[in-house]
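Peer 1: Dropping the structure in here first, questions after.
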Amino acid sequence: MSARTARSADNQSASSAMGRVWVALCLMVLIATGIGATFWLQQNPKPNDNITAPAHPNVLLITMDTTRADHLGCYGHPDSITPNINQIAREGVLFEQCVSAAPGTLASHSSILTGLYPYVHGARDNVGYRLSEANTTLAEVLKENGFTTGAFVSATPLHRRSGVDQGFETFRDADTEPMLVGSTTSDRAIGWLRQHAKERLFAWVHFYDPHFPYEAPSDFVTSAPNPYLREISYMDAQIGRIIDELKRLNLYDNTIIALVADHGESLGQHEEMTHLYFVYDTTIHVPLILRARGIAPENVRIKSPVRTVDLTPTLLSMLDLPPLPVSQGLDLQPLMDGSTVALDVPAYAETIAGKLTLGTSILRSIRIDNWKYIHAPQAELYDISQDPGELKNLAADLPDQTRSMQEALHSLIAESPRIGDREDHAASLDASELAHLESLGYVGGDQKNRIAVANELDILEPNGGDPKDFATEISTLSDAQHSLSHGEFQRAETMFRALVEKFPNVVGLRERLARAIFSQDRYDEAIEIYAALTVDHPNNVSVRYGYGRLLDKVGRRAEAIEQLATTIRLDPGHAEACHDLAMALREGGKVEEAIHYLKQAASTRPSYVQAHVDLAMLYLDLEKFDNAVTSFRKAVKISPENPRLQAYVAFALLKAGRYDDATSAARTALSLDANYKPAQRILSDIKRIKAILSKTKQGNTEEVHGT
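FYI, in this note's numbering the residues of the sequence shown are 7 to 713.
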């Protein structure tokens with residue numbers, strides 16, 4: 007049965023005066039508290055024709071990490087305290103059935119920004135992938151059309167090295183932290199809005215707060231009954247701060263506001279505590295709300311399924327701008343204005359997390375109307391209208407419907423566009439970035455082997471175990487990774503040993519077992535595991551690199567250099583191996599070789615800040631001060647809001663004797679952090695040096711006159 011858009015006006019009235027009074031009282035309470043908004047939100051009012059559309063609207067995209075649709079007040083959760091999100095929904099269009107393209111942060115955000123599914127844009131997982139420059143993003147299109155663009159993201163998966171920074175003139179990420187609390191992100195966004203209030207703006211603000219372990223700030227008081235809802239309530243408060251600032255700047259009614267989540271959270275359903283490994287609606291049914299005064303109607307709820315890949319095409323259409331050059335999404339305006347009742351296109355989602363971490367099958371889902379099919383070793387078919395919890399698998403009972411959905415999936419993949427080459431989508435991570443991702447619960451494997459195949463049809467058929475048969479092991483893996491990242495090494499070792507026994511051929515599990523053992527100062531035992539791995543997997547880049555790093559940590563420098571050099575021979579583009587080899591060579595006094603490999607690291611990955619910094623440090627040691635300035639400035643260009651990097655530039659300029667330039671750079675550092683002591687010391691040194699020079703010059707002048 008075709009899904010219909012619920013757009014008939016809500017004209018029900020109470021049958022008695024008492025009933026009308028009761029409804030009015032309920033509405034007053036609901037509006038005042040912001041709770042239970044779905045009760046009163048109309049399903050199909052007509053747009054207000056008396057409101058003139060703004061001539062040059064701004065765009066605010068707010069992405070809410072790990073936010074289930076059914077845990078927001080405006081989507082019907084009775085205990086969710088989200089008054090600001092509810093208000094935006096009241097003033098705009100709420101899509102009841104929006105399907106995310108993936109249950110992971112990078113893959114989903116890349117789909118939101120490009121209108122493409124993960125197997126097309128290529129950024130399929132948080133670890134080892136990036137959004138290649140072959141893609142065209144919403145920010146790039148808006149920048150080309152005169153928008154000032156700024157992004158403010160809150161977690162490592164969306165670090166600028168992920169590629170989602172394309173098109174943003176300002177891009178503030180978590181920098182050296184795994185994640186940021188919402189207040190920090192909203193502070194940054196508000197400051198930028200104030201600075202650029204007179205320009206035409208596109209701002210993307212990403213909040214990470216509802217992510218596990220659900221720890222809302224201690225000073226945030228709310229009556230939400232559980233930690234997850236408290237995090238959502240805290241995020242709502244931060245959204246409210248941004249909305250208030252838009253109003254203060256007189257930008258609110260001139261701004262298209264899009265609220266969307268990247269994915270949801272299982273919260274124990276389907277034997278998954280968090281997200282990433284399955285494609286049930288717990289993690290891919292997400293909220294989508296659009297508010298565009300004078301452009302889109304108000305108080306509208308749309309039941310027809312839509313996709314997150316539809317958001318960018320819709321925003322461009324609302325702005326009367328050309329569409330993306332390649333897109334799998336559609337303009338949602340016909341749904342919003344009532345000229346159509348359904349998109350009649352499939353909604354696709356995927357996860358490759360199980361394949362990458364445990365060797366299980368890739369999972370794909372496709373939804374058409376109310377039918378949802380999951381392509382797995384044990385096929386799954388659900389009627390979402392009758393079974394929203396996806397508890398009754400109808401695949402065996404309805405073979406014809408199952409076959410029809412399989413054919414639709416095959417057609418979707420076969421007819422999809424192709425973006426870039428396989429290598430474009432690979433991303434290498436430095437040690438700190440990988441540690442940050444792991445601290446957030448994300449598990450990586452051999453990055454060199456994570457590149458998507460050229461022809462997606464070649465891997466369409468399920469290959470490997472069915473992830474749902476390994477739900478317990480997946481939970482153990484997540485728990486073990488959390489323990490490893492939070493210093494519970496003995497506990498992590500116990501769990502990784504159990505997983506290695508279950509999956510002896512999964513290299514990444516043996517690597518993590520070695521790390522857990524190494525972290526307990528049992529160095530020889532850990533190194534023995536890696537030595538065995540190099541025998542079993544001599545061409546595995548991750549193994550060679552990990553082995554080299556461990557050897558370097560215990561001072562076995564010659565062996566470390568050998569393993570790191572082997573890593574580079576296997577993968578010349580392994581930027582962090584080049585960096586670490588350079589550092590080992592520097593410690594051995596081979597400075598020129600170290601410079602060579604640092605240059606290779608920086609050229610292989612131009613966004614690699616630490617490579618530029620360490621190269622500059624070597625130049626300082628060699629008293630090549632101008633070269634040091636150049637390298638430090640490359641680091642600043644990547645992360646211009648970092649006062650430490652600005653101070654490095656100032657120091658190099660000071661050493662080069664360029665005192666005025668050094669003063670300017672130090673003041674820039676202090677403009678970012680007024681209390682940054684290294685910059686203060688540099689200014690003090692410059693003042694002292696100038697005083698000495700002035701006194702010396704004066705003395706020389708007096709000596710000449712005296713003569």
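Think of the CB as a built atom: it goes at the ideal place given N, C-alpha and C, for glycine as much as any other residue.
What do you reckon, are the CB atoms on Ile295 and Ile87 nearer than 8 angstroms?
Peer 2: Not a contact, by the Cβ cut-off of 8 angstroms.
Peer 1: Go to Asp242, then tell me how far its alpha helix (DSSP H) extends in each direction, as first and last residue.
Peer 2: Looking at the DSSP string, the run of the alpha helix (DSSP H) that includes Asp242 is Pro233 to Arg254.
Peer 1: Does the count of Cβ pairs from the region 394-412 and the region 378-386 closer than 8 angstroms reach three?
Peer 2: Enough Cβ pairs lie closer than 8 angstroms, so yes.
Peer 1: In its own chain, which residues sit with a C-beta less than 6 angstroms from the C-beta of His618, not counting the 5 before and 5 after it?
Peer 2: So the qualifying residues of the chain are Ala608, Ser637, Lys640 and Ala641.
Peer 1: By Cβ distance, which residues of its chain are closer than 7 angstroms to Glu237, with the 5 residues on each side in sequence left out?
Peer 2: Contacts found: Asp215, Pro216, Tyr220 and Ala222.
Peer 1: Please determine, among Ile688, Asp679, Tyr682 and Ser645, the residue with the shortest C-alpha to C-alpha distance to Ala658.
Peer 2: Of Ile688, Asp679, Tyr682 and Ser645, the residue nearest in Cα terms is Ile688.
Peer 1: Go to Leu387, then tell me how far its beta strand (DSSP E) extends in each direction, as first and last residue.
Peer 2: First-last of the beta strand (DSSP E) with Leu387: Glu386 to Asp389.
Peer 1: Please list the terminal residues of the continuous alpha helix (DSSP H) segment that includes Lys146.
Peer 2: Reading off the sequence shown, one finds Glu at residue 146, where the question assumed Lys. Where Glu146 is concerned, the enclosing alpha helix (DSSP H) stretches over Leu144 to Glu150.
Peer 1: Does at least one heavy atom of the ligand FMN sit under 7 angstroms from the Cβ of Leu624?
Peer 2: By its list of ligands, the structure shown contains no ligand whatsoever, and the ligand FMN lies outside what it can speak to.
Peer 1: For Ile695, which residues in the same chain have their Cβ closer than 6 angstroms to its Cβ, ignoring the five residues on either side in sequence?
Peer 2: Cβ within range, chain order: n/a, list empty.
Peer 1: Identify whether Ser116 lies in helix, strand or coil by the three-state DSSP scheme.
Peer 2: Here Ser116 sits in helix by DSSP.
Peer 1: What does a CB cutoff of less than 6 angstroms around Val332 pick up in its chain, not counting 5 residues either side in sequence?
Peer 2: Hits under 6 angstroms: Pro423.
Peer 1: At which residues does the beta strand (DSSP E) containing Lys204 begin and terminate?
Peer 2: Careful: Lys204 lies outside any beta strand (DSSP E) and carries neither H nor E.
Peer 1: Can you find the residues in the same chain that come closer than 7 angstroms, C-beta to C-beta, to Glu146, ignoring five residues on each side of it along the sequence?
Peer 2: Counting only Cβ-Cβ distances below 7 angstroms, and skipping sequence neighbours, we find Gln172 and Gly173.
Peer 1: Go ahead and label Gln652 buried or exposed: buried means 16 or more other beta carbons lie within 10 angstroms of its beta carbon, across all protein chains shown.
Peer 2: Buried, because 16 or more other Cβ atoms sit within 10 Å of the Cβ of Gln652.
Peer 1: Could you check the C-alpha separation between Glu499 and Leu519 for me, to the nearest Å?
Peer 2: Those two C-alpha atoms are separated by around 6 angstroms.
Peer 1: Assign Thr346 to one of three DSSP states: helix, strand, or coil.
Peer 2: If DSSP states are grouped into helix, strand and coil, Thr346 belongs with coil.
Peer 1: How would you call Arg521, buried or exposed, if buried means at least 16 neighbouring beta carbons within 10 angstroms?
Peer 2: Classification for Arg521: buried.
Peer 1: Can you give the beta carbon distance from Thr346 to Ser106, rounded, assuming they're within the 8 angstroms contact cut?
Peer 2: Contact flag wrong, Cβ pair sits at about 22 angstroms.
Peer 1: Tell me which residues share the same chain as Ala571 and place their Cβ nearer than 8 angstroms to its Cβ, disregarding the 5 neighbours each side in the sequence.
Peer 2: These residues qualify, in order along the chain: Leu587.
Peer 1: List, from N- to C-terminal side, the alpha helix (DSSP H) runs of 4 residues or more that fit wholly inside the region 282-360.
Peer 2: For the region 282-360, whole alpha helix (DSSP H) runs of length 4 or above, ordered along the chain, are 287-290, 317-324 and 339-342.
Peer 1: At 3 residues or longer, and completely inside the region 570-646: list those beta strand (DSSP E) runs for me, N to C.
Peer 2: Complete beta strand (DSSP E) runs here, min 3: none at all.
Peer 1: If you drop the 5 nearest sequence neighbours on each side, which residues of the same chain put their C-beta closer than 8 angstroms to that of Leu186?
Peer 2: Result list for Leu186: Ser160, Ala161, Ala180 and Tyr214, in chain order.
Peer 1: Between the Cα of Leu483 and the Cα atoms of Ala359, Asp326, Thr228 and Ile644, which residue gives the shortest distance?
Peer 2: Of Ala359, Asp326, Thr228 and Ile644, the residue nearest in Cα terms is Ala359.
Peer 1: Could you have a look at Asp393 and say whether DSSP puts it in helix, strand or coil?
Peer 2: Coil, per DSSP.
Peer 1: Leaving out the 5 sequence neighbours to the left and right, which residues in its chain are closer than 6 angstroms to Ala353 when beta-carbon positions are compared?
Peer 2: Excluding positions up to five away in sequence, the list reads Val105, Pro311, Arg313 and Arg373.
Peer 1: Within a Cβ cutoff of 8 angstroms, which residues of the same chain sit near Met342, ignoring the five residues on either side of it in sequence?
Peer 2: So the list reads Val99, Leu296, Ala302, Pro303, Val306 and Ile308, once near-sequence residues are dropped.
Peer 1: Candidates Gly365, Gln334 and Ala348: which alpha carbon is nearest Ala355's?
Peer 2: Ala355 has its Cα closest to that of Gln334, out of Gly365, Gln334 and Ala348.
Peer 1: Tell me, to the nearest whole angstrom, how far the beta carbon of Glu593 is from that of Arg563; I am working on the premise that it is less than 8 angstroms.
Peer 2: That pair is a contact at about 7 angstroms.
Peer 1: Which of the three DSSP states is assigned to Ala267 in this structure?
Peer 2: Strand.
Peer 1: Can you find the residues in the same chain that come closer than 7 angstroms, C-beta to C-beta, to Thr674, ignoring five residues on each side of it along the sequence?
Peer 2: The answer, listed in chain order, is Gln652.
Peer 1: Please name the residue, chosen from Leu418, Gly82 and Pro329, that lies closest to Val351 on a Cα-to-Cα basis.
Peer 2: Taking only the C-alpha atoms, the option nearest Val351 is Leu418.
Peer 1: Closer than 7 angstroms by C-beta to Asp189: which residues in its own chain qualify, once you throw out the five before and the five after it? Chain order, please.
Peer 2: Checking the sequence shown, residue 189 turns out to be Ser, not Asp. Result list for Ser189: Gln244, in chain order.
Peer 1: Below 6 angstroms CB to CB, which residues in the same chain sit around Thr610 once its five sequence neighbours on both sides are set aside?
Peer 2: Hits under 6 angstroms: Gly579 and Ala581.
Peer 1: Leu100 bridges to which residues according to DSSP?
Peer 2: For Leu100, which the question treats as bridged, DSSP gives the partners Ile295 and Arg307.
Peer 1: Which residue or residues does DSSP assign as beta-bridge partners of Ala382?
Peer 2: BP columns for Ala382 are empty, so no partner.
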